[in-house]
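Participant: Have a look at the structure that comes next, please.
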Amino acid sequence: MTDPSPSPESHPSGMHPARMGHPRRSVTSPGTAPIFQTAAFDVPDLDVLHSMVRGDAFGHIYTRDSNPNHDALADSIARLEGAEAGAVFASGMAAVSSVFLALMQQGDHLIIARTLYGRTLQLVERMRRLTGGSVTFVDVNQPHQFHEALTPQTRFAFIETVANPLLQVADVQAVSTALGEIPLIVDATFTTPILSQPLRQGAAIVLHSASKYLNGHGDVMSGVAAGSRRNMKRLLEASTIFGSNPNPFESWLCQRGLRTLPLRMEQICRTTGDVARFLDSHPLVRRTWYPGLPSHPDHETACRLYPGGTGGIVTFELSNAGQDAVSRFMRAAPQIPFAPTLADARTTISHPASTSHRFLPEEERTAQGITDETIRLSIGLEPADLIIREISAALEATA
Numbered sequence: 062m063t064d065p066s067p068s069p070e071s072h073p074s075g076m077h078p079a080r081m082g083h084p085r086r087s088v089t090s091p092g093t094a095p096i097f098q099t100a101a102f103d104v105p106d107l108d109v110l111h112s113m114v115r116g117d118a119f120g121h122i123y124t125r126d127s128n129p130n131h132d133a134l135a136d137s138i139a140r141l142e143g144a145e146a147g148a149v150f151a152s153g154m155a156a157v158s159s160v161f162l163a164l165m166q167q168g169d170h171l172i173i174a175r176t177l178y179g180r181t182l183q184l185v186e187r188m189r190r191l192t193g194g195s196v197t198f199v200d201v202n203q204p205h206q207f208h209e210a211l212t213p214q215t216r217f218a219f220i221e222t223v224a225n226p227l228l229q230v231a232d233v234q235a236v237s238t239a240l241g242e243i244p245l246i247v248d249a250t251f252t253t254p255i256l257s258q259p260l261r262q263g264a265a266i267v268l269h270s271a272s273k274y275l276n277g278h279g280d281v282m283s284g285v286a287a288g289s290r291r292n293m294k295r296l297l298e299a300s301t302i303f304g305s306n307p308n309p310f311e312s313w314l315c316q317r318g319l320r321t322l323p324l325r326m327e328q329i330c331r332t333t334g335d336v337a338r339f340l341d342s343h344p345l346v347r348r349t350w351y352p353g354l355p356s357h358p359d360h361e362t363a364c365r366l367y368p369g370g371t372g373g374i375v376t377f378e379l380s381n382a383g384q385d386a387v388s389r390f391m392r393a394a395p396q397i398p399f400a401p402t403l404a405d406a407r408t409t410i411s412h413p414a415s416t417s418h419r420f421l422p423e424e425e426r427t428a429q430g431i432t433d434e435t436i437r438l439s440i441g442l443e444p445a446d447l448i449i450r451e452i453s454a455a456l457e458a459t460a
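Right under this line is the structure:
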């Protein structure tokens, strides 16, 4: 029987399929950066490798450590935030986790805003247990409480620019001043670099869930951070060790989304104000949370810090009690889907008590003002009159 295996001579050098697929070099460059979808990068020799490791030459070795798409997004975030450097992660929570893993040590004390994303509060409690540390929760609207909570063991403080889901507005400059030399970490997902730049107001590190407005199309899971080169190096070391690097394609998608971020935020803020005013006057709505409304407790702060709007979130509470009313609202608004996320190009709704804050004890949710009737709206790019018409019909179904 003849051996079907080809002889060594049947594939001349460079002609084996495993070695094909690299494009020819071009004297032109693409208008859009390519996607560097690779696990590793070819290194010509050990001299080059050692030079890169020492920092004498720039290059990439392994995508978990760095990748051109990661670098492009990190550089863009740094420029938008006015930072020395940026960093990218597999998700918003990967960015938050990297801060805690990089900065927190055994026995540390943290000062945490009482109103935060539910998963962040979960992480705070887990890290407290793991490190044997302590946490003081404070009112983000009372900067003096941050100063009063300081101890010799305080490592850092953590706040959100506009809190999820009831939209408390933080005065980053005032909180930073109250903390003195203690680093302030700010999650600015809801406001984006278009509406606020916390580093310019005294924050040490700013974070975003890039899955939200930065990407803006609901098809990415990614997180970003910006700050000093030293802090970003510390975060990236933690991220690399724990394997929370992003996918190159998702970094590329986020970079694409940044191109339209100013236009999207302008329209979204305008539409959100229109929808909030409609909800605030509706008889089947018990209460509406939107900082642009005079009824919001942080209205004056919002007008001073965010004259162009506070993003695309408006939260409201149905007049009729129970989750059944929420379900009726959802079923009557099929074009406004329930999605446990926000900042998609389309308008979506979420139920905080069942999603972002369901991990909190009921008494803690109630203390924050989150009830079974609370609905969070994430306003998309549709015209305001269309969204209002659909919401109006859905509200009637809750009567």
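In terms of our numbering, the sequence shown is residues 62 to 460.
Heads up, the beta-carbon is just placed ideally off N, CA and C, and yes, glycines get one too.
Quantities reported herein were computed from a predicted structural model and do not represent experimental measurements.
1) Between the C-alpha atoms of Glu423 and Gln429, what's the straight-line distance to the nearest angstrom?
2) Is it true that the stretch 318-336 meets the stretch 156-168, where meeting means three or more beta-carbon pairs spaced less than 8 Å apart?
3) At the level of alpha carbons, what is the spacing between Tyr123 and His111?
4) Let me check one thing: in DSSP terms, what residues is Trp2 bridge-paired to?
5) Tell me whether His418 sits in a helix, a strand or coil according to DSSP, three-state version.
6) Are Ser312 and Val114 close, meaning C-beta to C-beta below 8 Å?
7) Specify the secondary structure class of Phe119 as computed by DSSP and reduced to three states.
8) Let me confirm a value: Val88 is counted as buried when at least 16 other C-beta atoms fall within 10 Å, else exposed. Which label applies?
9) From Ser137 to Phe119, what distance separates their C-alpha atoms?
10) Apart from the five residues on each side of it in sequence, which residues of its chain come closer than 8 Å, Cβ to Cβ, to Ile440?
11) Determine which residues share a DSSP beta bridge with Ala287 and list them.
12) Less than 8 Å separating the beta-carbons of Leu379 and Arg347?
13) What is the DSSP secondary structure of Ser411, reduced to helix, strand or coil?
14) Quick one: grab the DSSP three-state call for His170.
15) Where do the ends of the beta strand (DSSP E) carrying Phe217 lie?
16) Run through the DSSP bridge pairs and tell me what Val247 is partnered with.
17) If Val233 and Thr222 are in contact, beta carbons under 8 Å, what's the gap, nearest whole angstrom?
18) Please state whether the Cβ-Cβ distance between Ser415 and Asn225 is less than 8 Å.
19) Verify whether the separation of the beta carbon atoms of Ile96 and Phe310 is less than 8 Å.
20) Terminal residues of the continuous alpha helix (DSSP H) containing Arg189?
21) Just to confirm my understanding: we take Arg325, look at its own chain, exclude 5 residues before and 5 after, and list those with CB closer than 6 Å. What are they?
22) Do the stretch 238-249 and the stretch 266-285 meet, that is, are 3 or more Cβ pairs less than 8 Å apart?
23) So is Ile107 buried or exposed if we call it buried at 16+ other beta carbons inside 10 Å?
24) For the 8 Å Cβ check, are there 3 or more pairs between the stretch 141-148 and the stretch 162-176?
25) Any idea if Glu209 is buried or exposed, counting beta-carbon neighbours within 10 angstroms, 16 or more meaning buried?
26) Taking Cβ positions, are Ser283 and Pro307 nearer each other than 8 Å?
27) Measuring only the C-alpha atoms, how far is Met188 from Phe161?
28) Express the C-alpha separation of Leu345 and Arg450 in angstroms, rounding to a whole number.
29) In or out: Gly92 buried (at least 16 other Cβ within 10 Å) or exposed?
30) Where do the N-terminal and C-terminal ends of the alpha helix (DSSP H) with Thr321 fall, by residue?
31) Quick check on this structure: which residue in Ser305, Gln396 and Arg365 has the alpha carbon closest to the alpha carbon of Ala231?
32) Give the range of the beta strand (DSSP E) segment to which Arg437 is assigned.
33) Buried or exposed: Pro204, going by 16 or more other Cβ atoms within 10 Å of its Cβ?
34) Which residues does DSSP pair with Ser195 in a beta bridge?
35) Please state whether the Cβ-Cβ distance between Ala445 and Ala394 is less than 8 Å.
36) Which partner residues does Ala386 have in the DSSP bridge list?
Facilitator: Here's the rundown:
1) When rounded, the distance between both Cα atoms is 10 Å.
2) A contact is defined here as three or more CB-CB pairs under 8 Å, and the stretch 318-336 fails this definition with respect to the stretch 156-168.
3) Taking the straight line from one Cα to the other gives about 14 Å.
4) Since the first residue of the chain shown is 62 and the last is 460, residue 2 is not available in this structure.
5) Coil at His418, not helix or strand.
6) Cβ atoms of Ser312 and Val114: not closer than 8 Å.
7) Looking at Phe119 - three-state DSSP - the assignment turns out to be coil, as it is neither helix nor strand.
8) Result: exposed.
9) Taken atom to atom, the span from the alpha-carbon of Ser137 to that of Phe119 is near 18 Å.
10) Taken in chain order, the residues that qualify are Ile329, Thr332, Thr333, Val336, Gly373, Ile374, Val375, Thr408 and Ile448.
11) Ala287 pairs with Gly147 and Val267.
12) Yes; because the gap between Cβ atoms is below 8 Å, this pair is in contact.
13) DSSP places Ser411 in strand when its eight states are reduced to three.
14) Looking at His170 - three-state DSSP - the assignment turns out to be strand.
15) For Phe217, the enclosing beta strand (DSSP E) stretches over residues Thr215 to Glu221.
16) Its beta-bridge partners are Ile220 and Val267.
17) A Cβ-Cβ distance of about 7 Å is found for the pair Val233 and Thr222, placing them in contact under the 8 Å criterion.
18) At least 8 Å separates the beta-carbon of Ser415 from that of Asn225.
19) In this structure, Ile96 sits near Phe310, with a CB-CB distance shorter than 8 Å.
20) Per DSSP, Arg189 is one residue of the alpha helix (DSSP H) stretching across Gly179 to Thr192.
21) Cβ neighbours of Arg325 beyond the five flanking positions: Gly277.
22) Three or more Cβ pairs closer than 8 Å define a contact, and the stretch 238-249 meets that threshold against the stretch 266-285.
23) According to the sequence provided, residue 107 is Leu. The question's Ile does not apply to it. Counting Cβ neighbours within 10 Å, Leu107 comes out exposed, since fewer than 16 surround it.
24) Contact between the stretch 141-148 and the stretch 162-176 is absent: fewer than three C-beta pairs spanning the two stretches fall below 8 Å.
25) Burial call: exposed.
26) The Cβ atoms of Ser283 and Pro307 lie closer than 8 Å to each other.
27) Looking at the two C-alpha atoms, the distance is approximately 7 Å.
28) Using only the alpha carbons, I get a separation of about 15 Å.
29) Sixteen is the threshold: since fewer than 16 other Cβ atoms of the shown chains lie within 10 Å of the Cβ of Gly92, the residue is exposed.
30) Taken as a continuous stretch (DSSP letters only), Thr321 belongs to no alpha helix (DSSP H), as it is neither H nor E.
31) Closest by alpha carbon: Arg365.
32) Per DSSP, Arg437 belongs to the beta strand (DSSP E) from Thr435 to Ser439.
33) With 16 or more neighbouring CB atoms inside 10 Å of its own CB, Pro204 falls in the buried class.
34) DSSP lists His170 as partners of Ser195.
35) Ala394 sits away from Ala445, with the two beta carbons spaced by 8 Å or more.
36) DSSP, once it has assigned bridges, lists no residue as partnering Ala386.
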